[in-house]
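Worksheet: one structure, shown below.
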Amino acid sequence: MAGIIDGERPFAIVRAGQAMHVVSEGDLIGTVRVVRIDAETRKVVFAFNSSTAEVRLGGDQSP
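Each step along the sequence shown adds one to the number in the numbering used here, with nothing skipped, and position 4 is 117.
See the structure below:
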């Protein structure tokens, strides 16, 4: 993840492969949905099928 823009409707700048995407909650990157963008904790929650993953700004993934 390259960045988070906070505001009334937060956005995240996400790198997926060679592409960069500016996304908000509910958006899809391929088949992966953006569930939550939290500027305070600097992480984004993604969902794929029945799994979720938290990714922190800078690319670290939480277990």
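By construction, the Cβ of each residue, glycine as well, lies at the ideal position given by its N, Cα and C atoms.
Residue span of the beta strand (DSSP E) that contains residue i, given as start and end
i	result
D151	145-151
S164	164-169
A129	124-129
A115	A115 -> no beta strand (DSSP E), and no H or E assigned at all.
Residue burial classification, residue i (beta-carbon count within 10 angstroms, cutoff 16)
i	result
M133	exposed
F161	exposed
Sub-9 Å separation of residue i and residue j beta-carbons
i	j	result
D140	P123	no
V145	A125	no
Per DSSP, the bridge partner or partners of residue i
i	result
A132	A129
Anticipated Cβ contact below 8 Å, residue i with residue j, distance rounded
i	j	result
V136	R149	Their Cβ separation, rounded to whole angstroms, is 11 Å, which puts V136 and R149 out of contact at 8 Å.
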